[in-house]
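Using our numbering, you'd call the opening residue of the sequence shown number 1216 and step up by one each time.
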Amino acid sequence: MKESTESDPITICLNLTHSLLQQEIPTVHHLKSKWSIARVKLTSLQTHLTDFSTEYSTSSTSNPLSLHLLHSISQTLHDAVSLAHHCQSTSPDLPLGKLQTQSHLDSLIATLHRHLNDCDVLFRSGLLLETPAFSKREAVRSLSRNLIARLQIGSPDSRAAAIDSLLSLLHEDDKNVTIAVAQGVVPVLVRLLDSSSDMKEKTVAAISRVSTVDSGKNNLLAEGLMLLNHLLRVLDSGSGLAIEKACIALQALSFTRDNARAIGSRGGISSLLGICQGGTPGSQASAAAVLRNLAKFNEIRENFAEENAIVVLLGLASSGTILAQENAIGCVANLISEDEGMRVLVYKEGGVECLKNFWDSAPMIQSLEVAVEMLRYLAMTGPIGEVLVAEGFIGRVMGVLNCEVLTVRIAAAKAVYAMGLNGGNKTRKEMGECGCVPFLIKMLDGKGAEEKESAAMALSVLLQHPFNRRVFRKDERGIVSAVHLLNPSLVNLDKKYPVSILVSLLHSKTCRKQMVAAGASVYTQKLVELDVPGSKKLSDGLGRGKIWGVFARP
C-alpha cells in the first residue's frame, strides 16, 4: 500500500491499520498465534485513531504531543506491514529466521501496547479539548497537564526533557506546585521512580519539591509504602544530591506513626545516621531532620539505641552546619524526653558541653527552641540538673524567657518548671533572683492556652520559695491573671497549676481579698466538682477568710 505525501497523519495511520487488519495479517503463514495478539492490539488502536479523527481532528494535528504520537504510530505500522510481508512467505523457513522474526514480532506487540497506553494518557489528560489559556493560572494548568502527559508517553529522551521542564515549573512558585499536584503529578512521579538512574534522581528532586508545599504532602502520604521504599533505597544508592532530596521528602512522610515504623523496620535509621556521619552538609541536615521526626515515637526509639545514635547526633551537633546542629539537638531532645537512661548517656557523652556551645553560638532565637527543650528534659534528672545550674543555664533560660518568639518562650517556661521541680529551693531562689517571676506573670496573659499554662506551671514551682512569693505579690497583675486562668470556659489548660499558685498565697489576707475580688470564689466551686487537685483547699481558704485573718502574717 502506498500513502499520499499530502495525507494527514491520522489518515495515514487509519489506512495502514485497515490494510494490516484486512489484507496483511489474514495472509500470513508464520507465527499466526503471535499475529492474532497483534491483531487485537491493532483493533483497539484503530478505535483510538478513529477517536482522533472524529472527536479531536483539529487538535490532534495542531497539538505537538499528539502529532508526535501519531508519527510514532505511523512508523510502527509501517514496520508492522514490513514484518507481515516476511511472515507471508510460503517457504518453510523465514527470511530472517524464526527466532529473530519472533523477537521482532514480540517487540511490535509491546510497542503497539505502549501506543495504546499513550493514547489513553493523552485522552485522559484533556489536552486535546483545551481552549487557549487567558490567565497565568490557566496557562500553568495547561502546561502541567502537558508535562504530566509527556512524562508518561514518548521516548526516554522526551520524558527526560519533560522532567527538566517540570522541575523548572515547580521551582518557579509554590502555586505552580499546588496546580501540578491538582492535575495529578504525584502518582506519575512515583511510577517514574522505577526509571533509569538519571531520570530517577530528577524524579526524586521533583517529589522533594512537592513535599515542601503543604498542598502536596497529603498526596505524597497517600502513595504509602511504595514511595517510602523507593526513597529509602535512594538513601543507600543515590548521589549526594539525590540523598539530600530524598531526605527532604522523607521529612514530610515521617510525621505519621505508620511511616515512622516502616522507616525503622526497613533499616532507615541506620542509613540516616550514616548520612549524618559522612554525607554532604545539606544531606546531613536533612537526614537529621528526618531522625528528629522519628524520635518522637516511643516504639522507634529502641532502634536509635541499637544504632548508638546519641554519639552520632552529638557529633553532628558539634560540627555540622547550623541547621544540621539544630536538627541533631532536636532529635536528642526527643530521644531523652521520656528516657532517663538516655539522659544519663547524653550527659556521659558530653551532651551538656555540646548544648552550651550550640546555645551560645546560635545565630537566631528561633534556633534555640530545640536547645531549651533539651535543657528541660536533661533537668528532669536531678543530678544532671545540678550540673546545668552550675554551668550557668539559669541565666541562659532567663535570656529567652522574655523573647519575641512564642515557641521559645513556652519552651523556656517549661524548662524553668523542670529545673525548679527537680532542683530544690536553692535553684528556685536563684531563678527568682535572676528576675524570671515578672516575665512569667506577663506570660499568664499570653495569647494562647499553651503559653498561659507553661507560665503557670513554672510559677507553681517557683512560688514554693518565700522569696518568689514576695516578688509575685508585688506585681498587681499576678493574682488577677492567675484567677482568670481558673475560668472553666478557658479550655486546654490544666487548672491545677493556677490553683497551686493561689494556694501558695492563701496565708496572706491581702492576697485572699484580691482573689475574691477577681472572682476566684465563683470559679473554685466548679473546680471542686471537677476534682481539680488543690481546688478544695483553695475553696476552703477563700471561704474561711475571717479565721485566716487571725493567723495571717503581716
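No residue lacks a Cβ here, since even glycine has one placed at the ideal position from N, Cα and C.
T1622 versus N1433: straight-line alpha-carbon distance, rounded: Here residue 1622 corresponds to residue number 407 of the sequence shown, with the count starting at 1. Here residue 1433 corresponds to residue number 218 of the sequence shown, with the count starting at 1. When rounded, the distance between both Cα atoms is 25 Å.
C-alpha distance - L1757 paired with L1674, whole-angstrom precision: On the sequence shown, position 542 is the one that residue 1757 refers to. On the sequence shown, position 459 is the one that residue 1674 refers to. Rounded to the nearest angstrom, the two C-alpha atoms are 20 Å apart.
Member of N1542, N1513, V1547 whose CA lies at the smallest distance from the CA of A1524: Residue numbering aside, residue 1524 sits at position 309 when the sequence shown is read from its first letter. Checking every option, the nearest Cα to that of A1524 belongs to V1547.
Separation of A1420 from K1460, as counted between CA atoms: Translated into positions along the sequence shown, residue 1460 becomes position 245. Translated into positions along the sequence shown, residue 1420 becomes position 205. Each residue's alpha carbon lies about 6 Å from the other.
Rounded separation between T1220 and H1283 - CA only: Walking along the sequence shown from the start, residue 1220 turns up at place 5. Walking along the sequence shown from the start, residue 1283 turns up at place 68. Because the pLDDT at T1220 is just 43, under 50, the model does not fix this residue reliably, and the value given afterwards should be weighed accordingly. The straight-line gap from Cα to Cα measures roughly 17 Å.
Contact check, F1687 vs V1718, beta carbons under 8 Å: Here the question's residue 1687 lines up with position 472 in the sequence shown. Here the question's residue 1718 lines up with position 503 in the sequence shown. No, the Cβ-Cβ distance between F1687 and V1718 is not below 8 Å.
Any alpha helix (DSSP H) of 4 or more consecutive residues that is wholly inside the region 1265-1326: 1272-1277, 1279-1302
Neighbour-count burial assignment, T1232, 16 or more Cβ in a 10 Å radius: One-based indexing of the sequence shown puts residue 1232 at position 17. Answer is buried; the Cβ neighbour count reaches 16.
Where E1648 sits in the DSSP three-state scheme: If you number the sequence shown from 1, residue 1648 lands on position 433. Three-state DSSP puts E1648 in a helix.
Contiguous alpha helix (DSSP H) assignments of at least 4 residues, all confined to the region 1566-1617: 1566-1576, 1583-1594, 1597-1605, 1608-1616
Contact belief for L1720 with R1685 at Cβ below 8 Å, rounded distance in angstroms: On the sequence shown, position 505 is the one that residue 1720 refers to. On the sequence shown, position 470 is the one that residue 1685 refers to. Not a contact, Cβ separation roughly 10 Å.
Short Cβ contact (8 Å threshold) for G1530 with Q1499: Counted from its first residue, the sequence shown places residue 1530 at position 315. Counted from its first residue, the sequence shown places residue 1499 at position 284. No. Outside cutoff.
Distance, G1341 Cα to V1561 Cα: As a position in the sequence shown, residue 1561 is number 346, starting the count at 1. As a position in the sequence shown, residue 1341 is number 126, starting the count at 1. Spanning the two alpha carbons is a distance of roughly 58 Å.
Cβ neighbour criterion (16 or more within 10 Å) applied to L1676: Counted from its first residue, the sequence shown places residue 1676 at position 461. A quick correction: the sequence has Val, not Leu, at residue 1676. Answer is buried; the Cβ neighbour count reaches 16.
Beta carbon proximity, A1503 to chain B, threshold 8 Å: Any reference to chain B falls outside this structure, which holds one protein chain only.
Which listed residue (S1306, H1319, I1227, D1308) has its alpha carbon closest to that of D1287: By 1-based counting over the sequence shown, the position of residue 1287 is 72. The displayed chain sequence assigns Ser, not Asp, to residue 1287. Nearest option by C-alpha distance: I1227.
Pairwise C-alpha distance: K1415 and R1558: The residue labelled residue 1558 in the question sits at position 343 within the sequence shown. The residue labelled residue 1415 in the question sits at position 200 within the sequence shown. In a straight line, the C-alpha of R1558 is about 41 Å away from that of K1415.
Spatial distance of L1260 from A1376 (CA atoms): As a first step, residue 1260 is located in the sequence shown; it is residue number 45 there, counting from the start. As a first step, residue 1376 is located in the sequence shown; it is residue number 161 there, counting from the start. Rounded to whole angstroms, L1260 to A1376 spans 27 Å at the Cα level.
Rounded separation between D1335 and P1402 - CA only: For this step, residue 1335 is matched to residue 120 along the sequence shown. For this step, residue 1402 is matched to residue 187 along the sequence shown. Cα-Cα distance, rounded: 16 Å.
Where the alpha helix (DSSP H) containing H1699 begins and where it ends: Here residue 1699 refers to the residue found at position 484 of the sequence shown. Element bounds for H1699: 1691-1699.
Boundaries of the alpha helix (DSSP H) in which I1716 is found, first to last residue: Within the sequence shown, the letter at position 501 stands for residue 1716. Per DSSP, I1716 belongs to the alpha helix (DSSP H) from 1711-1718.
T1418, enclosing alpha helix (DSSP H) - first and last residue: Stepping through the sequence shown from its first residue, residue 1418 is reached at position 203. Run containing T1418: 1412-1426, per the alpha helix (DSSP H) assignment.
Option nearest Q1740 by Cα separation, candidates R1624, L1701, T1725: Residue mapping note: residue 1740 aligns to position 525 of the sequence shown, counting from 1. Answer by Cα proximity: L1701.
Under the three-state DSSP convention, the category N1707 falls into: Numbered from 1 along the sequence shown, position 492 holds the residue referred to as residue 1707. Coil, per DSSP.
Identity of the residue in T1418, T1471, G1431 nearest N1445 by Cα: The residue given as residue 1445 occupies position 230 in the sequence shown. Residue identity check: residue 1445 is His in the sequence provided, not Asn. Checked all of T1418, T1471, G1431; the closest Cα to H1445 is T1418.
Close Cβ partners of L1323 (< 8 Å) along its chain, the five nearest in sequence each way excluded: For this step, residue 1323 is matched to residue 108 along the sequence shown. Cβ neighbours of L1323 beyond the five flanking positions: A1253, T1291, D1294, A1295, L1298.
Counted within 10 angstroms of its Cβ, other Cβ atoms place L1745 as buried (16 or more) or exposed: On the sequence shown, position 530 is the one that residue 1745 refers to. Label assigned to L1745: exposed.
Coarse secondary structure for E1522, derived from DSSP in three states: Counted from its first residue, the sequence shown places residue 1522 at position 307. The answer is coil: DSSP assigns E1522 none of H, G, I, E or B.
Whole alpha helix (DSSP H) elements within the region 1477-1526, 4-residue minimum: 1483-1493, 1496-1509, 1513-1521
Where the alpha helix (DSSP H) through G1756 begins and ends: Here residue 1756 corresponds to residue number 541 of the sequence shown, with the count starting at 1. Its alpha helix (DSSP H) spans residues 1750-1758.
Other residues of its chain near L1249: CB distance less than 8 Å, five sequence neighbours each side excluded: For this step, residue 1249 is matched to residue 34 along the sequence shown. The residue you asked about is not Leu; residue 1249 is Lys in the sequence shown. Taken in chain order, the residues that qualify are Q1317, L1320, D1321, I1324.
Length of the line joining the Cα atoms of V1355 and A1626: On the sequence shown, residue 1355 is found 140 positions in, with the first residue counted as 1. On the sequence shown, residue 1626 is found 411 positions in, with the first residue counted as 1. So the alpha carbons of these two residues sit roughly 43 Å apart.
Nearest-angstrom Cβ-Cβ length linking E1601 and G1638, presumed shorter than 8 Å: Translated into the one-based positions of the sequence shown, residue 1601 becomes position 386. Translated into the one-based positions of the sequence shown, residue 1638 becomes position 423. Confirmed, Cβ separation roughly 7 Å.
Straight-line Cα distance separating L1538 from P1748: In the sequence shown, the residue the question calls residue 1748 occupies position 533. In the sequence shown, the residue the question calls residue 1538 occupies position 323. Roughly 42 Å between the two C-alpha positions.
Uninterrupted alpha helix (DSSP H) stretches inside the region 1660-1694 (no shorter than 4 residues): 1664-1677, 1681-1689
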